[in-house]
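Count along the sequence shown starting at 1, add 7, and that's the number in this note's numbering. The C-beta atom is built at its ideal place from N, Cα and C for all residues, glycine as well. Treat the numbers as computed from the prediction; the structure is a model and nothing was measured. To keep things clear, I will list the structure first and then write my remarks on it.
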Amino acid sequence: MRLVQLLSLVLLSCSNTSAQPSSWMEPFPAHTIAGNLHYVGSKDLASYLVTTAEGHLLINSSFEDSVPLIRQSVEDLGFKFGDIKILLISHAHSDHCAGSARIIRETGAKHFVMEQDANAVENGGANPSRLKASYTRFTPTRVDRRLKDGDEVTLGGTTLVARLTPGHTPGCTTWTLKAGGLNAVIIGSPNVNPGYVLVNNQEYPGIAQDYERCFRVLKSLPVDLFLGAHGGYYDLTDKHRRFLFAGVSNPFVDPEGYKRYVEDRETAFLTELARQQKLKAADQLNR
Ligand SMILES: [Zn+2]
Numbered sequence: 008m009r010l011v012q013l014l015s016l017v018l019l020s021c022s023n024t025s026a027q028p029s030s031w032m033e034p035f036p037a038h039t040i041a042g043n044l045h046y047v048g049s050k051d052l053a054s055y056l057v058t059t060a061e062g063h064l065l066i067n068s069s070f071e072d073s074v075p076l077i078r079q080s081v082e083d084l085g086f087k088f089g090d091i092k093i094l095l096i097s098h099a100h101s102d103h104c105a106g107s108a109r110i111i112r113e114t115g116a117k118h119f120v121m122e123q124d125a126n127a128v129e130n131g132g133a134n135p136s137r138l139k140a141s142y143t144r145f146t147p148t149r150v151d152r153r154l155k156d157g158d159e160v161t162l163g164g165t166t167l168v169a170r171l172t173p174g175h176t177p178g179c180t181t182w183t184l185k186a187g188g189l190n191a192v193i194i195g196s197p198n199v200n201p202g203y204v205l206v207n208n209q210e211y212p213g214i215a216q217d218y219e220r221c222f223r224v225l226k227s228l229p230v231d232l233f234l235g236a237h238g239g240y241y242d243l244t245d246k247h248r249r250f251l252f253a254g255v256s257n258p259f260v261d262p263e264g265y266k267r268y269v270e271d272r273e274t275a276f277l278t279e280l281a282r283q284q285k286l287k288a289a290d291q292l293n294r
C-alpha cells in the first residue's frame, strides 16, 4: 500500500467517531467538586468550570460535539455559559481542545495556552508526525496568551497556576488552584500513547527528558483534590457515586490515590523507555 493511502486510512480511522470510547461522549452529572470548582465534562472527557463573581474559567473544550453537553452541565449548576471569560486546555490533543473554536465563538472567551502547545492549537494539529500517536486534526483556534511554566491566570479573585508537565505533548499543562481551601491538581496527562517514539524521536527531540520533568513536577505538587484531563485518571465514576452518598468526607480528596497514579504512570513510562532503548541497541548491533 502506498504511503499516501496508508496515511489517509489512518486519518479516516482516527476521525471516525465510532473508534472513540463511548464514555467520551456519554453525559455525566455536573457536580461541585469543592468551593468554586465544578465538573462539567462527560463520563471520561473532563471539563472543569471555575466560577467567580467576575465570570468563569473553563478547562478543556473536548470535541466540537461535546460543547452542547458542556453548556448543559454549566446551566444545570445554575451558571451561564456566556459568562465563561477564559478558556484553558490540558493539552493540544483533539479530545481536549477540538471544541475550543466553537466555545470561543459562543462565549467570546479569551484563550490561554502553554506556549509549547500554542502553535499546534493555532494550526489545528497539522504536524503530520502526530499521526503516529493517533492524533486527529481539529479546527485551528487563535491563542490570546501564550503561557509559561508557573504563570498565573487570575479572574475574580481566583488564581490558577499553569505547570508545564511535558512529554505527552510539548506543552502539556497541569492546572493547580485552591478550591474551598483545598489544593486541587488537574493532571494534563502523564501517559505514553501507543505509537509514541521515546528514543531518537526526530520530531520531538528530548521527549524522554520531558516525561522525566513531567513526573518530577507532578511529584512535587501539594495535592488534596486529585483530578485530571480524563475522569478515568482518578476513578471519577466511582468517586462520584461515593460523593452522592458521602457524609462529611469528600471522595475527591485523595492524595494517596494521586501518589499511586503518578508512580504507576512513571513505571509505565520507564518500562516503555527501556523497551525502546533495548530495541534500538539490538537494531544498532545488527547493522
Ligand atoms: Zn492526549
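*Per-residue DSSP class, three states only, for Ala140*: Since pLDDT at Ala140 reaches only 43, below the 50 mark, its modelled position is unreliable, and no value is offered.
*Return the first residue and the last residue of the alpha helix (DSSP H) that Gly235 is part of.*
No alpha helix (DSSP H) contains Gly235, which is instead part of the beta strand (DSSP E) from 232-235.
*Does the Cβ of Gly202 have 16 or more other Cβ atoms within 10 Å, making it buried, or fewer, making it exposed?*
exposed
_Cβ contact check for the stretch 75-92 and the stretch 113-123: 3 or more pairs under 8 Å_ = The stretch 75-92 is in contact with the stretch 113-123.
_Between the CA atoms of Tyr55 and Pro262 - distance to the nearest angstrom_ = 19 Å
*Would the beta-carbon of Val192 fall within 7 Å of that of Val230?*
yes
*Does the Cβ of His38 lie closer than 6 Å to at least one heavy atom of ligand 1?*
no
*asked:* Buried or exposed, going by whether 16 or more other CB atoms sit within 10 Å of the CB of Asp51?
replied: buried
*Pull every residue with its beta-carbon under 6 Å away from any heavy atom of ligand 1, and keep them in chain order.*
Proximity annotation: ligand 1 has residues His98, His100, His175, Ser196 in chain order, each selected because its CB is closer than 6 Å to a heavy atom of the ligand.
*Looking at Arg282 and ligand 2, is the gap between the Cβ and the nearest heavy atom below 6 Å?*
Among the ligands modelled here, namely ligand 1, ligand 2 does not occur.
_Alpha-carbon to alpha-carbon, Arg248 and Pro258_ = 9 Å
*Ala235 and Ile194: beta carbons closer than 7 Å?*
Reading off the sequence shown, one finds Gly at residue 235, where the question assumed Ala. It is a contact, given that the beta carbons lie within the stated cut-off.
*How is Phe252 classed by DSSP in three states: helix, strand or coil?*
coil
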